[in-house]
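Have a look at the structure below before the remarks.
Protein chains: 4
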Amino acid sequence: VDLNADLGEGFGVWRLGEDEALLDVLTSANVACGFHAGDPSTMRRVCLAAAERGVAIGAQVGYRDLAGFGRRRIEYAHDDLRDDLLYQIGALDAFARLAGTRVRYVKPHGALYNTAVADEVQAAAVVAAVAGYDPSLPVLGLPGSALLRLAAEAGLPALPEGFVDRGYRPDGTLVPRSEPGALLAEEAAVAQAVRLSREGAVQSLCVHGDTPGAVALARAVRAALTGAGVPLRPFSPPADRAGTAPG
Amino acid sequence: VDLNADLGEGFGVWRLGEDEALLDVLTSANVACGFHAGDPSTMRRVCLAAAERGVAIGAQVGYRDLAGFGRRRIEYAHDDLRDDLLYQIGALDAFARLAGTRVRYVKPHGALYNTAVADEVQAAAVVAAVAGYDPSLPVLGLPGSALLRLAAEAGLPALPEGFVDRGYRPDGTLVPRSEPGALLAEEAAVAQAVRLSREGAVQSLCVHGDTPGAVALARAVRAALTGAGVPLRPFSPPADRAGTAPG
Amino acid sequence: VDLNADLGEGFGVWRLGEDEALLDVLTSANVACGFHAGDPSTMRRVCLAAAERGVAIGAQVGYRDLAGFGRRRIEYAHDDLRDDLLYQIGALDAFARLAGTRVRYVKPHGALYNTAVADEVQAAAVVAAVAGYDPSLPVLGLPGSALLRLAAEAGLPALPEGFVDRGYRPDGTLVPRSEPGALLAEEAAVAQAVRLSREGAVQSLCVHGDTPGAVALARAVRAALTGAGVPLRPFSPPADRAGTAPG
Amino acid sequence: VDLNADLGEGFGVWRLGEDEALLDVLTSANVACGFHAGDPSTMRRVCLAAAERGVAIGAQVGYRDLAGFGRRRIEYAHDDLRDDLLYQIGALDAFARLAGTRVRYVKPHGALYNTAVADEVQAAAVVAAVAGYDPSLPVLGLPGSALLRLAAEAGLPALPEGFVDRGYRPDGTLVPRSEPGALLAEEAAVAQAVRLSREGAVQSLCVHGDTPGAVALARAVRAALTGAGVPLRPFSPPADRAGTAPG
Numbered sequence: 207v208d209l210n211a212d213l214g215e216g217f218g219v220w221r222l223g224e225d226e227a228l229l230d231v232l233t234s235a236n237v238a239c240g241f242h243a244g245d246p247s248t249m250r251r252v253c254l255a256a257a258e259r260g261v262a263i264g265a266q267v268g269y270r271d272l273a274g275f276g277r278r279r280i281e282y283a284h285d286d287l288r289d290d291l292l293y294q295i296g297a298l299d300a301f302a303r304l305a306g307t308r309v310r311y312v313k314p315h316g317a318l319y320n321t322a323v324a325d326e327v328q329a330a331a332v333v334a335a336v337a338g339y340d341p342s343l344p345v346l347g348l349p350g351s352a353l354l355r356l357a358a359e360a361g362l363p364a365l366p367e368g369f370v371d372r373g374y375r376p377d378g379t380l381v382p383r384s385e386p387g388a389l390l391a392e393e394a395a396v397a398q399a400v401r402l403s404r405e406g407a408v409q410s411l412c413v414h415g416d417t418p419g420a421v422a423l424a425r426a427v428r429a430a431l432t433g434a435g436v437p438l439r440p441f442s443p444p445a446d447r448a449g450t451a452p453g
Numbered sequence: 207v208d209l210n211a212d213l214g215e216g217f218g219v220w221r222l223g224e225d226e227a228l229l230d231v232l233t234s235a236n237v238a239c240g241f242h243a244g245d246p247s248t249m250r251r252v253c254l255a256a257a258e259r260g261v262a263i264g265a266q267v268g269y270r271d272l273a274g275f276g277r278r279r280i281e282y283a284h285d286d287l288r289d290d291l292l293y294q295i296g297a298l299d300a301f302a303r304l305a306g307t308r309v310r311y312v313k314p315h316g317a318l319y320n321t322a323v324a325d326e327v328q329a330a331a332v333v334a335a336v337a338g339y340d341p342s343l344p345v346l347g348l349p350g351s352a353l354l355r356l357a358a359e360a361g362l363p364a365l366p367e368g369f370v371d372r373g374y375r376p377d378g379t380l381v382p383r384s385e386p387g388a389l390l391a392e393e394a395a396v397a398q399a400v401r402l403s404r405e406g407a408v409q410s411l412c413v414h415g416d417t418p419g420a421v422a423l424a425r426a427v428r429a430a431l432t433g434a435g436v437p438l439r440p441f442s443p444p445a446d447r448a449g450t451a452p453g
Numbered sequence: 207v208d209l210n211a212d213l214g215e216g217f218g219v220w221r222l223g224e225d226e227a228l229l230d231v232l233t234s235a236n237v238a239c240g241f242h243a244g245d246p247s248t249m250r251r252v253c254l255a256a257a258e259r260g261v262a263i264g265a266q267v268g269y270r271d272l273a274g275f276g277r278r279r280i281e282y283a284h285d286d287l288r289d290d291l292l293y294q295i296g297a298l299d300a301f302a303r304l305a306g307t308r309v310r311y312v313k314p315h316g317a318l319y320n321t322a323v324a325d326e327v328q329a330a331a332v333v334a335a336v337a338g339y340d341p342s343l344p345v346l347g348l349p350g351s352a353l354l355r356l357a358a359e360a361g362l363p364a365l366p367e368g369f370v371d372r373g374y375r376p377d378g379t380l381v382p383r384s385e386p387g388a389l390l391a392e393e394a395a396v397a398q399a400v401r402l403s404r405e406g407a408v409q410s411l412c413v414h415g416d417t418p419g420a421v422a423l424a425r426a427v428r429a430a431l432t433g434a435g436v437p438l439r440p441f442s443p444p445a446d447r448a449g450t451a452p453g
Numbered sequence: 207v208d209l210n211a212d213l214g215e216g217f218g219v220w221r222l223g224e225d226e227a228l229l230d231v232l233t234s235a236n237v238a239c240g241f242h243a244g245d246p247s248t249m250r251r252v253c254l255a256a257a258e259r260g261v262a263i264g265a266q267v268g269y270r271d272l273a274g275f276g277r278r279r280i281e282y283a284h285d286d287l288r289d290d291l292l293y294q295i296g297a298l299d300a301f302a303r304l305a306g307t308r309v310r311y312v313k314p315h316g317a318l319y320n321t322a323v324a325d326e327v328q329a330a331a332v333v334a335a336v337a338g339y340d341p342s343l344p345v346l347g348l349p350g351s352a353l354l355r356l357a358a359e360a361g362l363p364a365l366p367e368g369f370v371d372r373g374y375r376p377d378g379t380l381v382p383r384s385e386p387g388a389l390l391a392e393e394a395a396v397a398q399a400v401r402l403s404r405e406g407a408v409q410s411l412c413v414h415g416d417t418p419g420a421v422a423l424a425r426a427v428r429a430a431l432t433g434a435g436v437p438l439r440p441f442s443p444p445a446d447r448a449g450t451a452p453g
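Pasting the structure below:
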């Protein structure tokens, strides 16, 4: 199974999360692309550090909303959203190529991730951006979401992910954050990670990188998976360094 | 000789210049990349329209300064500037690839263009961005500038350009805008364009796209050059559409 | 009756609408405050020009969304929206005071205007911002909107406005833009302006300043109202210049 | 003597420094106004917390440069800078008024602070912004700077400040950050604070709020000054809560 988290979510002097420590544990890094978080120098640094460790680089694309960190829904028109996302993927890919690799997948961030679960217009815009850039790029999303359905219909690899530290209901949906059981403590989260990876319904496990204890949780999950005989590897292998020159 | 102008310099609802009309006359389009002007949907539209006409797409990179249109000097650190520019080139290339072509050259905009004439730190940052993206990409700049010198030293194609509508002193430098003769009327501009292209010291001629009469001037220049037997073609040929899939 | 339009909606080098010409016809100017449009130097220029002509200055507040011109709905949290709007009112008031007057009313722009018709959270945020700044400031909005109802409940002057160039249904609601009759031609618009002002149900008439022909329409409306014996004056008189020092 | 530090320098989800702890020690808070740092909700929170503690609120104005945190010089035209600063002062004052007080002084931030030491154009723009807003507002700056000289010539209260944790040369200028002795350890900093306050050449002492140990240093300075019989109070008293209604 693959282990992913959000990285590079600072902006200018501001930092968020522990990028370096997480990169030693993850197999895939969702790198912010500058619209809701992330700046070019951070993108460069994270891409280089990820490539050195063989961690796959994904484009963590989001709304144009630094002040809101991409966490509030915006009623984009389809074409405007598609173009904002395509722009971000291209920008991140410049740094991935510089690091001798490529953007290996796309994962929407925050309110865009949540909106693309049910909103077909925005889900289709994500799909159009990815397909426009490279139709072989996988899209990571919530199982059962409009995003994954439309991605699959468009011929994109559509990969479901599970959340290590969020509670699930019996029907497979997440416990809303406003209810008890929404967030799991470390022990329960680790057990859930092992269970999800064994069931095989998800291709990747997501650890939230911006919460306290994220690094410790990620390490505990990795140790438990290894102990349980579940090999950790990126679902989308980082490029070999040959053949990655732009173009 | 090549004929270039700045395009795609609107932002959101705001427009500047006559992109479509200019694209029928130019051979190279310097497309704004979103930091001093330009937005993703405009970038897409201009790239598609340029590719349809066989006009080469260049990255018109600039400072992160929408409010100032990139026209005021900013004392960037070298690495921050390099990364801001690399980000812009990658973003524009996503739209160029979508249009079946590629970014064919890089030209700094506004205060960055002027600063890179003499400031070695900023000139080196431009060179590092281009070389980091694709060492075969030409850089367009002022003859005799630090930018072109450092680009050549780094092994990049370094191409000098002339200005159609700006007056030159006998020593080849531009008449400052504060002095008489800084701006040429159409007839003098056309004559200068023919002279510059015959002398062969410049690879490209620049028409300022955001001034009134830009389209008429560009047409007159094109007609005069054609009449004088000077073939107009992009210095950097737009890609054939085969072989341009990303990566 | 009062005649209002949106002004100062450029940003940096980009311009929109004909501010100067409209100021000669209006009695109230909704000045953009820098979040969806407008920049400080434009705000200064428009405030000075409005004050010279005795035109009342209103704060045209909007979402933080220059790229979208404030025209796409954003799911702000109440407190974040309230604070973004309070910030804008304070900023504009600095320029109004400099011009010897004050901000005389507040009118939401674009998607915020439309959202505040029915969304109580956002309507309440507008009301909280205005009440927090100055509980004597009127709020301008759509008749029957949540915004005007909550403003009145909070003790703010709540003023309904009519649209000169938009078609109305018999029940008083606007014909949606997607249907025939949504936009009125000049003659019908002028007739509607006279009718609305005579009926007395609205305190102000709005002319859209960013449409072609806006100045001509505004002049025709003004002439027709004057001819019909309807006096044009700001619903909120611009301050006398005495007593307007800050504080 | 007065004790000031920079506060409210986060943006959106990003935080910087320990605003709450510092507010218990300072007598004046330089609150970021949204252009280089700071957002409306942070401004509101800091203004309310400052007013509760009787800490004077100053406008920490800066360049429009969130990505660079206002630390890189920008070659603004005089009028553009003046208007950007006036905008910021007005915006902050909205929150100060809401908290029952007013903006009590203005202090430029980062590269603007340093530029206004010698650059007369930018120093004059700061002075014009403050004078345009309220000619009774003091300006805080470096002793001997163009800023304080031009402020005094314009009739503004011009107040010199000293730096607690920066080394001084015998001639009273700061040791450059690139040289040994530029930064003082806590003991030396406290001693310098007592010395500066006794010499009486500065009206305020500045502690850098964004460095590790800032709160501890500020507490030590306050304790030492109190122990030395130097009363700590804002140079510009926060308003009594009566009479602070806007306008």
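Protein sequence lines correspond, in order, to chains A, B, C and D. Using our numbering, the letters of the first sequence correspond one by one to residues 207 to 453. Using our numbering, the letters of the second sequence correspond one by one to residues 207 to 453. Using our numbering, the letters of the third sequence correspond one by one to residues 207 to 453. Using our numbering, the letters of the fourth sequence correspond one by one to residues 207 to 453. The C-beta atom is built at its ideal place from N, Cα and C for all residues, glycine as well.
| Item | Value |
| --- | --- |
| Interfacial residues, the stretch 375–388 of chain B to chain D, with Cβ spacing under 8 Å | none |
| Neighbour-count burial assignment, HIS226(B), 16 or more Cβ in a 10 Å radius | Reading the sequence as shown, one finds Glu at residue 226(B) and not His. It counts as exposed. |
| Beta carbon of LEU353(C) nearer than 8 Å to that of PHE369(C) | no |
| Whole-number beta carbon distance between ARG270(D) and PHE241(D), since they are thought to touch under 8 Å | 5 Å |
| Contacting residues, own chain, Cβ-Cβ under 6 Å from PRO349(D) (five flanking each side not counted) | PRO366 |
| Proximal chain A residues relative to GLY296(B), where beta-carbon distance stays under 7 Å | GLY296, ALA297, ASP299, ALA300 |
| Beta-bridge pairing of GLN266(B) - partner residues as DSSP gives them | ALA238(B), LYS313(B) |
| Environment of GLY276(A) [buried if 16+ CB atoms lie within 10 Å] | buried |
| LEU423(D) and THR432(D) closer than 8 Å at C-beta | no |
| Distance between PRO246(A) and THR417(D) (C-alpha atoms, nearest Å) | 24 Å |
| Inter-residue CB distance, GLU224(B) and ALA420(B) (contact presumed, cutoff 8 Å) | 7 Å |
| Cβ separation of ALA235(A) and VAL252(A), assumed to be a contact under 8 Å, to the nearest whole Å | 7 Å |
| Assumed close pair LEU362(A), PHE301(B) - CB separation to whole angstroms, cut-off 8 Å | Not a contact, Cβ separation roughly 19 Å. |
| Interface partners of ALA429(D) on chain B, CB under 7 Å | In chain order: nothing, as chain B lies at least about 38 Å away. |
| N-terminal and C-terminal residue of the alpha helix (DSSP H) that SER403(D) is part of | 392–405 |
| DSSP-derived helix/strand/coil call for GLU281(A) | coil |
| Interface positions of the stretch 274–289 of chain A facing chain C (Cβ-Cβ less than 8 Å), listed along the chain | GLY274, ARG278, ARG279, ILE280, GLU281, TYR282, ALA283, ASP286 |
| HIS414(C) and ASP377(C) closer than 8 Å at C-beta | no |
| For ARG372(D), the three-state DSSP class (helix, strand or coil) | strand |
| Span of the beta strand (DSSP E) around GLY347(A) | 345–347 |
| Interfacial residues, the stretch 300–319 of chain C to chain A, with Cβ spacing under 8 Å | ALA317 |
| Delimiting residues of the beta strand (DSSP E) encompassing VAL342(A) | In the sequence as displayed, the identity of residue 342(A) is Ser instead of Val. First-last for SER342(A): undefined, no H or E at that position. |
| Chain D contact for ARG372(B) (CB, 8 Å cutoff) | no |
| 8 Å Cβ cutoff, ARG355(A) in contact with chain C | no |
| Cβ of VAL408(B) within 8 Å of any chain C Cβ | no |
| Residues bridged to ASN210(C) (per DSSP) | SER234(C), CYS412(C) |
| Chain-order list of residues whose beta-carbon lies under 7 Å from that of ASP446(B) (same chain, five-residue window excluded) | Residue placement at ASP446(B) is flagged as unreliable, the pLDDT there being 47, under the threshold of 50; the coordinate-derived value follows with that caveat. If we look at ASP446(B) and ignore the five residues flanking it on each side, it has no Cβ neighbours. |
| Listed by chain order, chain C residues near GLY539(D) by CB distance under 8 Å | Nothing can be reported for residue 539(D): it is not among the residues displayed for chain D, which extend from 207 to 453. |
| Proximal residues, the stretch 326–358 of chain A versus chain B, C-beta separation under 8 Å | GLY338, TYR339, ASP340 |
| Own chain residues within Cβ distance below 7 Å of GLY186(C), not counting five before or after | With chain C covering 207 to 453 only, the question about residue 186(C) has no answer from this structure. |
| Secondary structure of PHE217(D), DSSP reduced to three states | strand |
| Contact with chain A by PRO440(B), beta-carbon distance below 8 Å | no |
| Closest Cα partner of VAL309(B) within the set VAL400(B), LEU209(B), ILE263(B) | ILE263(B) |
| DSSP state of PRO366(C) mapped onto helix, strand, coil | strand |
| Helix, strand or coil at LEU389(C) according to DSSP, with G and I counted as helix | strand |
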